[in-house]
Structures are given as structure tokens and as C-alpha cells.
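Everything below concerns the one structure shown next.
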Amino acid sequence: MKYAVGVDIGGSHISSVVVDMNSGEMLKDSLAEVEVDNQAAADEILDKWAAAISESIMSIDRDDLIGIGLAVPGPFDYKNGVALLKNVAKYESLYGINVGDEMKKRLDLPAEFPFRYSNDALSFAIGECWGSKAANYKNVVAITLGTGFGSAFLSSGVPVIEGDRVPESGYVYHIPYENGIADDYFSTRWFLGEYKNRTGTVCSGVKEIADRVGNDEAAKALFDDFGRNLASFLVPVLANFDADCLVIGGNISRAYPLFSTAFKRVLNEQEINIEIMISELMESAAMVGSARLLDEEFWTKMEPLVAKI
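So the sequence shown is numbered by the working numbering: it starts at 3 and just counts up by one.
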């Protein structure tokens with residue numbers, strides 16, 4: 003058997019899982035999650051990361067492990083595995099550290115053992131296009147709606163990060179929209195800020211607003227507006243890429259039934275005929291996607307892109 007460990011580095015935690023490289027399926031008993039203080043000293047952070055990965059590895063024979071893939075937020079040197087996080091209020095103590103080298107020491111792995119890296123948005127999309135029904139489509143746009151607005155474009159399962167069909171690096175969050183940028187309107191903070199503006203009520207998260215929809219017209223209207231705005235923003239993006247599938251992930255995607263009608267209405271009006279899927283893998287997608295970096299056939303297509311992320 004051939005297995006890889008897929009790792010997702012979150013803002014305050016690390017998650018890792020063993021993935022069967024033949025099927026793309028996770029070994030459920032291999033999932034490890036460890037809370038991490040992102041303001042801690044480098045050694046403490048690295049020890050926590052190694053602890054999670056080690057826990058996952060324990061579920062298989064080490065001889066069957068072919069490598070480890072990590073989905074890491076930037077700034078990061080994805081080609082060489084060096085953390086470049088600075089002025090981002092998290093993991094700054096890791097600046098300049100080669101993560102793979104430190105993990106190999108802690109996990110007692112040989113110097114040549116493969117560690118490969120990608121960013122969280124690409125890893126999410128790669129995972130969905132390997133381990134879900136999105137694999138059946140050629141041109142896939144994957145977005146994540148949460149604390150920020152993530153995006154990735156894949157053609158035949160491989161990321162597209164340059165060229166006329168996609169925005170620079172495949173990022174849409176910074177594209178101007180109304181009185182700001184897309185990230186201002188398609189994220190948690192828009193929901194919280196807009197709901198407060200309209201009602202004077204402060205909510206702790208999108209779920210709290212969603213729970214009010216049944217008897218709160220302001221909440222219902224908010225989701226309608228969100229769906230309409232998101233679709234109008236995505237119309238040119240989807241058309242330019244000739245997308246045949248849109249995958250929506252992130253915490254806000256759990257509320258899709260509340261904005262789907264308005265969202266699909268705009269797409270239909272603009273003649274965007276596309277399969278819309280809510281993420282099947284959700285929080286697991288980035289782990290599955292980062293594990294796929296250890297598939298040598300896939301890596302030959304991915305490796306030239308890594309230095310450009």
C-alpha cells in the first residue's frame with residue numbers, strides 16, 4: 003500500500019490525516035487535530051505540528067509512507083518549504099525556518115524524505131477535484147467563503163494560476179467590488195457588519211444570523227442580497243474560465259440553502275449554465291489535496307507552478 007499524510011495548517015490548529023494514494027480516500031482512524039498558539043515560540047509551534055503528524059503516521063506501517071504534503075497559508079516559500087509569515091499576526095516566530103527540515107528532525111525521517119507544499123485555497127480545490135464528484139468536470143472553480151474569500155481554478159484537476167482565463171495567481175479576493183474589494187463583501191465580516199447596520203444587533207457569526215431567517219425578514223433579505231451579489235461578481239469570472247463546475251466551501255457554504263435561490267437566479271439570467279456543488283469534503287479537502295502532491299504523475303504537473311504561488 004502507498005500512503006501520504008495530508009496536513010492542513012489553520013490559524014489556531016493543525017489537522018492531519020493519512021490518505022490512500024490509490025483511492026484518494028482518508029483513513030478515518032488516522033485523523034489528528036491539535037490546537038496551536040500561533041503567537042508561541044517557533045519550537046512550541048513546530049512540536050505541536052510534529053505531534054499531530056506523528057499521531058497520524060502511527061495508524062500505518064511507516065514503510066508504506068511515501069511523503070507528507072502540507073497546506074500552508076502564505077506568505078510561504080512553497081518550493082523550498084520556508085515560512086515567510088510576517089506582519090500577519092500569526093506564526094511569525096517561524097519566519098525563515100525550513101518547515102520540512104524541522105519536521106524531519108522531530109519525526110525521525112531521513113533527509114531525502116519528501117515534503118511538499120501548497121497554499122490552503124489550492125489544496126482545497128485539488129482535494130475536491132480528486133476526492134469528490136467535482137473530479138468529473140474539466141474546468142472547475144472552487145471558492146471558500148469564511149473569514150476570507152478564497153479561490154482556485156483547476157483544469158483537468160490541475161491548478162491554473164496564470165494566463166488570460168484567470169485573475170493573477172487565481173485570486174479573486176482583491177478584485178474591486180462596489181465600495182471595496184470582493185473580500186469585503188463575500189466573507190463573515192460582511193454578514194456581521196451588514197446585519198448590525200440594518201438591525202443594530204451584534205451577532206457572533208453567520209450561523210447565528212442564519213438561525214434567525216425563519217422569523218427575521220432582515221436576516222432573510224441579507225442572505226438574498228449575498229446570493230445575488232456573489233453571483234453577479236462571479237458571472238464574468240466563470241464565463242472567462244469557461245467553467246463547467248463551481249465548488250463552494252467554507253463555513254458560509256453551510257448556509258447555501260438560504261442564498262441559493264437568489265444566487266442561481268442571477269446565474270440563469272446571465273446564461274451561466276454550470277454545475278454548483280457544495281463541498282463534499284469541507285474541512286478535510288485541504289488535507290486530501292495536500293496529500294495528492296505526493297502522487298508523482300500529478301506532481302510533474304504541479305511542481306512548475308509551486309514556485310509561482
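Beta carbons are placed, not taken as given, at the ideal position from N, Cα and C, and that holds for glycine.
It should be emphasised that the depicted structure is a prediction, and the values quoted were computed from it without experimental measurement.
- Please determine, among N100, K50, V249 and E219, the residue with the shortest C-alpha to C-alpha distance to N138. Along the sequence shown, one-based indexing puts residue 138 at 136. The shortest Cα separation from N138 among N100, K50, V249 and E219 belongs to V249.
- Query: What residue from Y93, V21, R64 and E27 has the CA that sits closest to V38's CA?
  - Reply: Numbered from its first residue, the sequence shown carries residue 38 at position 36. Nearest C-alpha to V38: Y93.
- Message: What residue range does the alpha helix (DSSP H) around N270 cover?
- Response: On the sequence shown, position 268 is the one that residue 270 refers to. Membership of N270 in the alpha helix (DSSP H) is indicated by the continuous run Y258 to E271.
- Query: Is Y97 helix, strand or coil when you go by DSSP?
  - Reply: Against the sequence shown, residue 97 aligns to sequence position 95. DSSP, read as helix, strand or coil, puts Y97 in coil.
- Item | Candidates G251, K88, T201 and S157: closest to Q41 by CA position | Taking the first residue of the sequence shown as position 1, residue 41 is located at position 39. Check the Cα spacing between Q41 and each of G251, K88, T201 and S157: the tightest is with K88.
- Considering only residues of the same chain and omitting the five flanking positions on each side of A34, which have a CB-CB separation below 6 Å? Here residue 34 corresponds to residue number 32 of the sequence shown, with the count starting at 1. Within the same chain, A34 has close Cβ partners S18, A54, E57 and S58.
- Message: Under DSSP, the alpha helix (DSSP H) around V168 begins and ends at which residues?
- Response: If you number the sequence shown from 1, residue 168 lands on position 166. No alpha helix (DSSP H) holds V168; DSSP gives it neither H nor E.
- Item | Between the CA atoms of L236 and D166 - distance to the nearest angstrom | The residue labelled residue 166 in the question sits at position 164 within the sequence shown. The residue labelled residue 236 in the question sits at position 234 within the sequence shown. Those two C-alpha atoms are separated by around 16 Å.
- With A52 and L109 assumed to form a contact (beta carbons below 8 Å), what rounded beta-carbon distance in angstroms separates them? The residue labelled residue 52 in the question sits at position 50 within the sequence shown. The residue labelled residue 109 in the question sits at position 107 within the sequence shown. Going by Cβ atoms, the distance from A52 to L109 rounds to 6 Å, so yes, they are a contact pair.
- Task: Could you give the DSSP three-state label for A220: helix, strand or coil?
- Result: As a working mapping, residue 220 is identified with position 218 in the sequence shown. DSSP, read as helix, strand or coil, puts A220 in helix.
- Task: Have a look at K106, P112, E104 and P161 and flag the residue whose alpha-carbon is nearest the alpha-carbon of N121.
- Result: Walking along the sequence shown from the start, residue 121 turns up at place 119. Considering only alpha carbons, the answer is P161.
- Message: Going by beta-carbon coordinates alone, are A6 and M23 separated by less than 8 Å?
- Response: Here residue 6 refers to the residue found at position 4 when the sequence shown is read from its first residue. Here residue 23 refers to the residue found at position 21 when the sequence shown is read from its first residue. A contact, by the Cβ cut-off of 8 Å.
- Query: What residue does the beta strand (DSSP E) around E35 start on, and which one ends it?
  - Reply: Here residue 35 corresponds to residue number 33 of the sequence shown, with the count starting at 1. Unbroken beta strand (DSSP E) run through E35: A34 to E37.
- Message: Would S292 and A73 be called neighbours here (beta carbons separated by less than 8 Å)?
- Response: Your numbering for residue 292 matches position 290 in the sequence shown. Your numbering for residue 73 matches position 71 in the sequence shown. Cβ distance < 8 Å, so S292 and A73 count as in contact.
- Query: Is E46 helix, strand or coil by DSSP?
  - Reply: Counting from one through the sequence shown, the residue named residue 46 turns up at place 44. Under the three-state reduction of DSSP output, E46 falls in the helix class.
- Item | Rounded straight-line distance, which links the Cα of I211 to that of N217 | Position 215 of the sequence shown holds residue 217. Position 209 of the sequence shown holds residue 211. Their Cα atoms are separated by approximately 11 Å.
- Any non-hydrogen atom of the ligand HEM within 7 Å of D213 CB: The ligand content of the structure shown is nil, which means the ligand HEM is not present either.
- Task: Given a cut-off of 8 Å, decide if Y187 and E180 are closer than it, judged by their beta-carbon atoms.
- Result: Residue 180 sits at position 178 when you count from the first residue of the sequence shown. Residue 187 sits at position 185 when you count from the first residue of the sequence shown. Result yes, Cβ atoms of E180 and Y187 sit closer than 8 Å.
- Can you tell which of Y97, I70 and M60 has the C-alpha that lies nearest to the C-alpha of P77? Against the sequence shown, residue 77 aligns to sequence position 75. For the set Y97, I70 and M60, the Cα lying nearest the Cα of P77 is the one of Y97.
- Message: Between which residues of its own chain and Y258 is the CB-CB distance below 6 Å, once the five residues before and five after are set aside?
- Response: Mapped onto the sequence shown, residue 258 falls at position 256. Here the set comprises I280.
- Item | Nearest to D65 (by Cα), restricted to the options F115, T190, N231 and I16 | Reading the sequence shown from its first residue, position 63 is the one you call residue 65. The shortest C-alpha separation from D65 is found at F115.
- Query: What does a CB cutoff of less than 7 Å around R214 pick up in its chain, not counting 5 residues either side in sequence?
  - Reply: Residue numbering aside, residue 214 sits at position 212 when the sequence shown is read from its first letter. A221.
- Query: Does the stretch 100-108 come within contact of the stretch 137-156, defined as at least 3 CB pairs closer than 8 Å?
  - Reply: When C-beta atoms of the stretch 100-108 are compared with those of the stretch 137-156, fewer than three pairs fall below 8 Å, so the two segments do not count as touching.
- Query: For the beta strand (DSSP E) that A154 lies in, which residues bound it at each end?
  - Reply: By 1-based counting over the sequence shown, the position of residue 154 is 152. Note, A154: beta strand (DSSP E), F151 to S157.
- CB contact check: A220 to chain D, cutoff 8 Å: No chain D appears in this structure, which consists of one protein chain only.
- Task: Could you check which residue in E170, I128 and F243 has the C-alpha nearest to that of G8?
- Result: Sequence index remark: in the sequence shown, residue 8 carries index 6 (1-based). Closest in C-alpha terms to G8, from the list E170, I128 and F243, comes I128.
- Query: Secondary structure at Y187, three-state DSSP: helix, strand or coil?
  - Reply: Counting from 1 along the sequence shown, the entry for residue 187 is found at position 185. In this structure, Y187 counts as helix in the three-state DSSP scheme.
- Message: Suppose contacts are defined by Cβ-Cβ distances below 8 Å. Is L307 in contact with I163 by that definition?
- Response: Position 305 of the sequence shown, counting from 1, holds the residue named residue 307. Position 161 of the sequence shown, counting from 1, holds the residue named residue 163. Yes; because the gap between Cβ atoms is below 8 Å, this pair is in contact.
- Message: Quick check on the burial criterion: 16 or more other C-beta atoms within 10 angstroms. Buried or exposed for N270?
- Response: Translated into positions along the sequence shown, residue 270 becomes position 268. Classification for N270: exposed.
- Query: Can you tell which of A144, D79, K4 and F243 has its C-alpha closest to the C-alpha of A288?
  - Reply: Sequence index remark: in the sequence shown, residue 288 carries index 286 (1-based). Of the candidates A144, D79, K4 and F243, the residue whose Cα lies closest to the Cα of A288 is A144.
- If you run the structure through DSSP and keep just helix, strand and coil, what is I62? For this step, residue 62 is matched to residue 60 along the sequence shown. Residue state, collapsed to three classes: coil.
- Item | Pick from W192, K198, F151 and V204 that is closest to Y175, judged by C-alpha positions | The sequence position of residue 175 within the sequence shown is 173, counting from 1. Measuring C-alpha to C-alpha distances from Y175 to each of W192, K198, F151 and V204 identifies F151 as the nearest.
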